[in-house]
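Asks: If you're matching positions, the sequence shown starts at 232 in this note's numbering and goes up one per residue. All residues carry an ideal CB built from backbone N, CA and C; glycine is no exception.
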Amino acid sequence: MSDIPRLGVSVLCLRDAEILLVKRGKEPYFGHWSLPGGLVEFGERLADAASRELLEETSVTALLEAEPVETFDIIQKQEDGVAAAHFVLAVFRGTYENGEARAGDDAAEVAWVGMRDLETLMMTPGTAARIMRHVTSMADGRG
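Below is the structure:
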């Protein structure tokens, strides 16, 4: 158990009216759908990490916005309430550019999913709401 938070990135990749999702192939949240992403490597810029993780997990490239649209914490606790892991995640939004979506790296599956279908999937906590919030704000011209 590390007492230092780990920095990660994820990508909300849009293609027409669909979002690219990965089914997690390992814990935490094995078998849950989520945004593609992973850990930032030492010396790597956030946006570069987001592009790398998107490509590694999905074989897709996207034109990412210059800055994250959201940052948030995930703190996993043991049964006694003591923190077991702490992640700080930066979410980038991007528009699909190239590639045929294929599961790679830590992903068990990859799929383009319509907004209406999000509620039918078993997703990592907060992911569906995060997607809805950022897709809606983009459609409304708020960012």
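Does the beta-carbon of Ile250 have 16 or more other beta-carbons within 10 angstroms, so that it is buried, or is it exposed?
Replies: Your numbering for residue 250 matches position 19 in the sequence shown. It counts as buried.
Asks: Can you tell me the Cα-Cα spacing of Pro236 and Val291, whole angstroms?
Replies: Within the sequence shown, residue 236 is the residue found at index 5, counting from 1. Within the sequence shown, residue 291 is the residue found at index 60, counting from 1. Straight-line Cα distance between these residues: approximately 28 angstroms.
Asks: If you drop the 5 nearest sequence neighbours on each side, which residues of the same chain put their C-beta closer than 7 angstroms to that of Ala248?
Replies: The residue given as residue 248 occupies position 17 in the sequence shown. Hits under 7 angstroms: Gly345 and Met346.
Asks: Report all residues from its chain with a CB closer than 7 angstroms to the CB of Val271; omit the five preceding and five following residues, and keep chain order.
Replies: The sequence position of residue 271 within the sequence shown is 40, counting from 1. Answer for Val271: Leu238, Gly239, Val240, Leu277 and Ala280, listed in chain order.
Asks: Rounded to a whole number of angstroms, what is the C-alpha to C-alpha distance between Leu285 and Gly335?
Replies: Taking the first residue of the sequence shown as position 1, residue 285 is located at position 54. Taking the first residue of the sequence shown as position 1, residue 335 is located at position 104. Their backbone Cα atoms lie some 10 angstroms apart in a straight line.
Asks: DSSP has Ile362 in a bridge; who is on the other side?
Replies: In the sequence shown, the residue the question calls residue 362 occupies position 131. BP columns for Ile362 are empty, so no partner.
Asks: Take Thr302 and list the residues in its own chain whose beta-carbon comes closer than 6 angstroms to its own, dropping the five residues that flank it on each side.
Replies: Walking along the sequence shown from the start, residue 302 turns up at place 71. Once the five neighbours on either side are set aside, the close Cβ partners of Thr302 are Ala321.
Asks: If contact is defined by three or more beta carbon pairs under 8 angstroms, each pair taking one atom from either stretch, is the segment 311-326 in contact with the segment 348-360?
Replies: As far as the Cβ criterion goes, the segment 348-360 does not touch the segment 311-326, which means the pair count is below three.
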